[in-house]
Each structure stands twice: as C-alpha cells, then as structure tokens.
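Accompanying notes for the structure given below.
Protein chains: 2
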Amino acid sequence: MTRPLRIAVDLLGAELPASELIEGAAELREIRPTCELLFICDSESIGKESSNGYQIVDCTNWVRDGESLRDILRERTRTSMHVGMHMLHDEKVDGFVSVGSTGALMALGRHILHTPLGIDRPAVIKEFDGKQLPFWMLDLGANIVRKPSTLLQFAFLGSAYASRVGGVERPRIALLNIGIEARKGPTLLREAAALLGAAKELNFVGFVEPSHIFEGSADVVVTDGYAGNIALKAVEGTVNFIRDVFFHELGSDDHGDAAQAIRKRARKRFRRLMRKLDSQRHNGGSFVGLNGVVVKSHNGTTAAGMTAAIAQAVREVEMGVPAKIQAFFEKG
Amino acid sequence: MTRPLRIAVDLLGAELPASELIEGAAELREIRPTCELLFICDSESIGKESSNGYQIVDCTNWVRDGESLRDILRERTRTSMHVGMHMLHDEKVDGFVSVGSTGALMALGRHILHTPLGIDRPAVIKEFDGKQLPFWMLDLGANIVRKPSTLLQFAFLGSAYASRVGGVERPRIALLNIGIEARKGPTLLREAAALLGAAKELNFVGFVEPSHIFEGSADVVVTDGYAGNIALKAVEGTVNFIRDVFFHELGSDDHGDAAQAIRKRARKRFRRLMRKLDSQRHNGGSFVGLNGVVVKSHNGTTAAGMTAAIAQAVREVEMGVPAKIQAFFEKG
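From first to last, the protein sequence lines stand for chains Y and G.
Numbering (my numbering) for the first sequence: 1448 to 1779.
Numbering (my numbering) for the second sequence: 1448 to 1779.
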C-alpha cells in the first residue's frame, strides 16, 4: 500500500457519546500506530479536545431504525452510512465500521459496493472458538429472508471464507437446524439441504444443532439471519449469565485469607476461560459477500467494543479478505 | 387420590437400551416411594431381571422420525406413543413421558387428550433460572408453524402457566426477537406484537433479545418452536462448552498439593454454578395446552436424564397443572 491503512467509523446512532467511543480507540493506536482512523459523527456534540487527534467527518444525518430501505436507497442519500460507504467505494478508506442498522448496511453495501459474481446478498459472518477447532457461522443477522437459494449462497460464502481466509481445506458445511435427522425442521431447511447436497463444490455434511456447534463437526454453520442472530444472542446471554453467577457464587464465600486466595485463583482461571470465549462475545460482525471490508458494531457498544470492531476491520483489510472472496467466485 | 400416582414412560426409540433407562429410575423410587412407573418398551430386548420390579407394557411398534402426521393419526394407531396417550386419556396413568418425536407427541396429544377452550395447539414450556428470578419460555419445539395467532395463544398459555403454576401476578410477557425496537425482525413478529399488545388480559412488555432473557425483564418469553428450540440448544451448547473448557483449563495446571486443593475448590464452586444451571440443561420439556401431563424427553437421554424427565411429570401431576391451566381458560 502506498498510504497508511485507513478506516472510516460511523458513530451516528450509538448509545454512548461519540467522544467516549473515540477515546477508546487510543488502545488501537498502540497496536497499529500507522493506522488512520476517520470518525463520522456530529462534531458539535463532541468537544474539539475529544477528537484525540483523529479526523472527524461532520454529519448529523443518519439512518434511523425502521426507515424503509427504499427511502435509504433513493431519498436519504446523505446519511453517515452513505458517506462511509462512498468513501470505501472511492478507496478513500480501506474499511468501514458502522453502529447503524445491519439491514440498512446490507442494502446499502449491496447497492454501492456490489457483491461478487453469483452472489445476491451479503451475510454477517463471525469466527467462534470451538472445543478443538474454530468455526464460522453465517448469516448472523443481515437478512431475514428465508429462501433455500439464499442459504445456498451463504454456504458458498462461508466455504470461501473458511478456505481462503481461514485456511481450511474443503471446509465441512452444515445447516443449523433443530435436529439432525433428514426430515427435521422447517421445509425451507429440507429444501436447502437438497440444494447444498447437490452442489459438488461444497463439502456438505448435513444438519447441526446449536447444542453441538462447539464440538467440531462442522467448519461452517449456515443459517438464515433470524435464526443465526437468535443463536448468537443466546450464546452471548448464557456467557454473561454464567460469568455473573460464577462471580456472585465466589463472592458469597467466607472471608478468611485462604478463601480469598482461592477466590483469586479461581477468578483468574475463569477470566482465562472468558478470554477463550471472547470471540463469542466480541463486538463486530464482518460482512462477507460485499466488495469491501464492512464491519457492523453493536449500537450499544462500549469504547472497548468499538476498538474491537475497528481492529476486526483492520485485520480484514490486512488479509485482503474481499479480494480473496472475489477470487474464489471468479475462479470457482 | 385413591390410588398411588402413576406415570407411563414410553422408551421406544431411545438411544440407550431400555434396561439402562429403567435402572436409572431407581433414584426416583427413593424420592417418591409410592409413585408407580409403567414402562412401554420392547420386553424381548430387556432381561426380566432388568425390569427392576416395574410394570412393563410390551410394544414393538413406535413412531419413527419423519413419519407423516396423517399416518400417525389415522393408520399407525398401535404405537407406543398411542398406547401411552390412551392410558393417560383413560386415567389409567396420571402422566406420560416419551422419548418420541416432539411433533408427533404434539399432534397425538391434541388428537387424543384435546386442548383447553380457545387453544388450538399445545407448546413445550420450560422454567429457566435467571439472574434474580425464574422465567418461562415457550414454544421450545413442538410447532414449527409461524403464525401471529399461534404466538398469541402461546402468550396466553405462558401467562396461564406463570400465574397459576408459577404464582407470578400479572406475568410480564415478551416476544423473543433479534432486537427490541418495534420494527425489528420478521413481519410475523411485528404482527404478533400488535395482537399481544391489543389483548387486555395480557401484560405484554414488548420484544426481548435472547442475550437478555436471563436478566429478568420478562416472566414469560414467547417464541415459535423453531426459534425457541434454536435458542434452547444454543444455551445448552454454551453451558456444555464452558463446563468442558473450564475443567480442561483447571486440569492443565501444575500438580503440587496446593494447586490440587485449589482445583478441587474451584471445581466445587463450578459444580454449584452448574446446579443453578440445571434447569437450563435438564432433560424434559413439559407440554402446556394439553388436557393431561405430557413430558417430552430427549431420545438420546442418559438414565439420570430420564429420571429427571419422570420427576418433572410427577411434579406436574402433584401440582395439578392441566386442571389449573384449564381453569384459567374457562374462567378467563
């Protein structure tokens, strides 16, 4: 690259003040000192001292939840999300992170950045830690359309990601379902299974239940955005619940020195475990199937979560993810 | 009651041999010595000594996964599931536990036992431990039909269960969705929210995300059987994953006496936590909305899991759950 890596970050609509989220990014500067960040936000609402030396793009116009996609695509073309997407398209930045609506990001990304050959819809993908091996799951919430042909495209996108980015040879692809028997679940999934099974280029291994995804029977778990988001958030909720209850249980113990030492050790172990689960909890879902690096952040993210989402975008740019995915579809 | 409490248990189709599952029930005998169990299974496959003194109903005919509901209802009327349902209907037993298909149990229960006034479809409900309060979730897998009117019925069933059985006054009812904003998720859920909001008898509080169900914002979480089963199994998978990784982490430590003592203590704490999560992992989902106690067990259950499912049926019989639910719908 002839210039430093550059990421645009759309903060409009975030629950926390922009100034707090921008300050959080200082950590990233330590890891990637040469990375340039450019924040799209309402510059009036942040003090000049809060910009932390980063570039600010002033914008007050943002996509509100529940706006029609038609309006977003045709009428309201000066929102923070449009600004970021166009900067990415025009190669003024290398990656785009947004706290905006996943559905709007999907639609706008598709419209401005376009999708690889043969792909109609991008999906949100995430890498998870499994017991032995990592695995990928998609779509985690970009599309609530439920069509067998869409799931087939997600299977190809997941296979492309796991092989070209994750380095897995002939990734094993499974469909998320409520049972593994061939006749389980909605008709949609049985039709999708027939399509995936017939696609010679895919290493389709059948259905997988959410209770077994961590056990390593599949490298890629394919699902629609509704079920995928339900599963993702159930995992998040359980991790948080166990963490809170575990610390509460430890805290309710006696207060002798020995007991305190044990508590300290156990907490340390538990934190190590929670780090392993970080990828499950981390903020930032990557779009796969857009010709550009786009990462969706929770709009309720903390400063640390925002930094994690930006770091995710940086990694994807450095690895050249979109080009690798495009190459997969061009060469087959 | 003029005779001891009696539960019929359909074991046909279980992964473990019937003899092992029957032996597991010895634990239950200790807790409820007067409870009579009656196992429906293939008597040839178990030794006489394995019956453990329980009554065995010989049957070799069972509902196979993927059989059409039409066949089950009209043609194949001598399966173990039919035998159990008819015993329950004829009051020869007080509760019925089956390892058979949830969908078949739903259809057959509806056909033989019938549903309360105004209810078309029963659902599978389960009590979960939350951070502060328990909560109930339904449907966990009986129906893959996705209709707003069905979700409205589940809301009433959940409200009936939480108030009449759980003792919660004016239970707060939420719909499971991938966001809490009014326009999030599939159209189905927005239509259902309108129906639930308009029902004066329901204390509808809006959408809840799976990441927040443990936090106490709702007493009853209503969802369709597909999303509910996805969420339930994602919780199960995460609990198992954390348990396995935690013990692995603890095991990889040094082997001095002090370290071993700490491991032992931390494991004890973690087991205590896991007991709190038992209700999340426990085998046995109860049908609500059938005029009789029917509990569905995993077909891959262990002996301990089978005992848990039977104990669940015993509790429901003792509490008179179906009569309480019926009374709710008759009196409004």
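C-beta: ideal position from N, C-alpha, C; glycine also.
Shown here for residue 1732(Y): same chain residues with a beta carbon closer than 6 Å to its own, the five before and five after excluded, namely 1571, 1573, 1587 and 1743 in chain order. Neighbourhood of residue 1561(Y) in chain G, by CB distance below 7 Å: empty, with the nearest CB roughly 26 Å away. Leaving aside the five residues that flank residue 1551(G) on each side, the residues in its chain whose CB is nearer than 8 Å to its CB run, in chain order, 1510, 1514, 1516, 1519 and 1528. Look at residue 1628(G): its C-beta is under 8 Å from a C-beta on chain Y. As computed with DSSP, residue 1619(G) is found in a beta bridge with 1650(G). Membership of residue 1585(Y) in the beta strand (DSSP E) is indicated by the continuous run 1581 to 1585.
Per DSSP, residue 1732(Y) is one residue of the beta strand (DSSP E) stretching across 1732 to 1735. Shown here for residue 1464(Y): same chain residues with a beta carbon closer than 8 Å to its own, the five before and five after excluded, namely 1492 and 1493 in chain order. For residue 1542(Y), there is no enclosing alpha helix (DSSP H); the residue is found in the beta strand (DSSP E) stretching over 1542 to 1545. At least 8 Å separates the CB of residue 1581(G) from every CB of chain Y. For residue 1604(G) against residue 1736(G), the beta-carbon gap comes to about 5 Å, under 8 Å, which counts as contact. Counting the other Cβ atoms within 10 Å of the Cβ of residue 1674(G) gives 16 or more, which makes it buried. Between residue 1578(G) and residue 1682(Y), the beta carbon gap of about 17 Å keeps them out of contact (Cβ cut-off 8 Å). What residue 1729(G) touches in chain Y, judged by beta-carbon distance under 9 Å, is nothing: the nearest beta carbon there is about 13 Å away.
Look at residue 1636(G) here: in three-state DSSP terms it is helix. Residue contact with chain Y for residue 1586(G): absent (no Cβ-Cβ distance below 8 Å to any residue of chain Y).
Ranked by Cα distance from residue 1476(Y), the first of 1647(Y), 1499(Y), 1462(Y) and 1547(Y) is 1499(Y). Residue 1751(Y) sits exposed, since fewer than 16 C-beta atoms from the chains shown fall within 10 Å of its C-beta. Distance from the Cα of residue 1618(Y) is smallest, within the candidate group 1607(Y), 1624(Y) and 1626(Y), for 1607(Y).
Just so you know, the alpha carbons of residue 1473(G) and residue 1690(Y) end up roughly 35 Å apart. At a cut-off of 8 Å, the C-beta of residue 1524(Y) has no neighbouring C-beta in chain G. Nearest CB-CB separation between residue 1569(Y) and chain G: not below the 8 Å threshold.
In this structure, residue 1546(Y) and residue 1461(Y) form a Cβ contact; the two beta carbons are roughly 4 Å apart against a cut-off of 8 Å. In the DSSP annotation of this structure, the continuous segment of the beta strand (DSSP E) that includes residue 1740(Y) starts and ends at 1740 to 1743. In chain order, 1744, 1745, 1748, 1752, 1755 and 1756 place their CB closer than 6 Å to the CB of residue 1730(G), counting only its own chain and leaving out the 5 sequence neighbours on each side.
Around the CB of residue 1671(Y), 16 or more other CB atoms lie within 10 Å, so the residue is classed as buried.
Residue pairing of residue 1484(Y) in beta bridges, as defined by DSSP: 1454(Y). In this structure, residue 1575(Y) and residue 1585(Y) do not form a Cβ contact; the two beta carbons are roughly 11 Å apart against a cut-off of 8 Å.
The residues 1619, 1620, 1621, 1664 and 1665, in chain order, have a CB closer than 8 Å to that of residue 1652(Y) in the same chain once the five nearest residues on each side in sequence are set aside.
From the listed residues 1553(G), 1456(G) and 1569(G), the smallest Cα separation to residue 1543(G) is found for 1456(G). For residue 1627(Y), no alpha helix (DSSP H) run applies, since DSSP gives it neither H nor E. Ranked by how close their Cα comes to the Cα of residue 1559(G), the residues 1760(G), 1776(G) and 1741(G) have 1741(G) in first place.
Across the set 1555(Y), 1760(Y) and 1566(Y), the C-alpha of 1555(Y) shows the shortest separation from the C-alpha of residue 1525(Y). At a Cβ-Cβ threshold of 8 Å, residue 1553(Y) and residue 1589(Y) count as neighbours. Inter-residue distance for residue 1485(Y) and residue 1609(Y) is about 30 Å (C-alpha atoms, whole angstroms).
For a Cβ distance threshold of 7 Å, residue set 1680 of chain G lies close to residue 1656(Y), ordered along the chain.
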